[in-house]
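Only one structure is covered here, and it is reproduced in the block below.
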Amino acid sequence: MENIDNPLLTAVKLCVAEQCARGLDELREVALFAWLRDQKLVPEEQLGPEGLYRVHFLMRNALYRLAHSDTLKQWSFSAVGVQWRPRANTGEHMPAPAEANLAQYYLNLSNLERSEAQVSELLAGFWRKFEAYVAADGDKLSAALSLLELDALSDLATLKRQYRRRAMALHPDRGGSDSALQALNQAYDLARARLT
Numbered sequence: 001m002e003n004i005d006n007p008l009l010t011a012v013k014l015c016v017a018e019q020c021a022r023g024l025d026e027l028r029e030v031a032l033f034a035w036l037r038d039q040k041l042v043p044e045e046q047l048g049p050e051g052l053y054r055v056h057f058l059m060r061n062a063l064y065r066l067a068h069s070d071t072l073k074q075w076s077f078s079a080v081g082v083q084w085r086p087r088a089n090t091g092e093h094m095p096a097p098a099e100a101n102l103a104q105y106y107l108n109l110s111n112l113e114r115s116e117a118q119v120s121e122l123l124a125g126f127w128r129k130f131e132a133y134v135a136a137d138g139d140k141l142s143a144a145l146s147l148l149e150l151d152a153l154s155d156l157a158t159l160k161r162q163y164r165r166r167a168m169a170l171h172p173d174r175g176g177s178d179s180a181l182q183a184l185n186q187a188y189d190l191a192r193a194r195l196t
């Protein structure tokens with residue numbers, strides 16, 4: 001890891017601490033970006049492609065640095081943000097090779113300096129991955145709605161009512177199975193996360 005100061009490190013650490021204090025276990029990059037803008041840490045002139053790349057890179061650098069120094073939580077990065085949960089044990093976290101490669105990239109601050117063409121190429125790659133992520137996420141939501149027997153998400157009260165109805169039908173004491181009830185619980189959690 002480069003020993004160069006990241007001007008956003010302290011602010012990102014504060015934002016993560018606020019999320020944890022609110023009982024949340026994830027931070028989406030778009031929410032972090034909005035928070036940094038609200039704190040006046042992202043000047044308007046940095047909103048072009050190169051400036052956005054710079055802000056994105058510094059946010060990711062800060063998040064990976066925080067993840068590497070956190071001995072209490074296990075961090076998991078996705079194309080759109082990061083999640084954390086308590087560590088199961090005190091052993092070292094061994095990231096997947098792709099995650100380790102991304103961490104290595106973002107922890108090297110020399111990767112911050114990119115030409116306009118390189119930034120354009122990186123952005124194009126991001127959008128390809130993001131579209132695949134959204135498509136997969138949409139498939140998960142469709143499957144969840146199907147299991148909940150809902151056509152669409154409308155409001156939390158309707159979701160809860162339908163979840164309770166389906167949970168009663170799938171409960172092992174009423175002829176259902178543990179696995180079916182677990183799948184329903186996962187579907188409910190996914191759908192609820194979309195509404196909150």
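Everything in the sequence shown is counted per our numbering, starting at 1 for the first residue and increasing by one. In this text, a Cβ means the ideal position worked out from N, Cα and C, and glycines have one as well.
Self-check item: Buried versus exposed call for Met168 [16 or more other C-beta atoms within 10 Å across all chains shown]
Solution: exposed
Exercise. Return the CA-CA distance between Leu123 and Asp173, expressed in angstroms with no decimal places.
Key: 52 Å
Quiz item: Thinking C-beta only, is Ala62 closer than 9 Å to Ala21?
Solution: no
Quiz prompt | Leu27 burial status per 10 Å Cβ neighbour count (16 or more: buried) | solution = It counts as buried.
Self-check item: Beta-carbon contacts of Tyr53 that lie in its chain and below 6 Å, excluding the five residues immediately before and after
Solution: Val119
Exercise. Between the Cα of Ala144 and those of Phe77, Arg194, Asp178, Trp84, spot the shortest distance and give me the residue it belongs to.
Key: Arg194
Practice problem: Using three-state DSSP, classify Glu29 as helix, strand or coil. | Solution: In this structure, Glu29 counts as helix in the three-state DSSP scheme.
Quiz item: Could you give the uninterrupted runs of the alpha helix (DSSP H) lying entirely in the region 15-81, keeping only those of 4 residues or more?
Solution: 29-38, 49-69
Practice problem: Using 10 angstroms around the beta-carbon of Arg85, count the other beta-carbons present and answer buried if the total reaches 16, otherwise exposed. | Solution: exposed
Quiz prompt | Distance, Gln186 Cα to Asp151 Cα | solution = 17 Å
Exercise. Could you check the C-alpha separation between Thr158 and Ala135 for me, to the nearest Å?
Key: 25 Å
Quiz prompt | Nearest residue (CA-CA) to Phe77, options Pro49, Glu50, Tyr106, Arg114 | solution = Tyr106
Quiz item: Is any beta-carbon of chain D found at less than 9 Å from that of Glu26?
Solution: Of the protein chains in the structure, only one exists, and it is not chain D.
Quiz item: From this set, Gly23, Leu170, Ala103, which residue's C-alpha is nearest Ser69's C-alpha?
Solution: Ala103
Exercise. Can you give me the Cβ contacts of Arg87 inside the same chain, cut-off strictly under 7 Å, excluding the 5 residues immediately before and after it?
Key: Within the same chain, Leu72, Lys73, Gln74 come within 7 Å of Arg87 by CB-CB distance, once the 5 residues on both sides are set aside.
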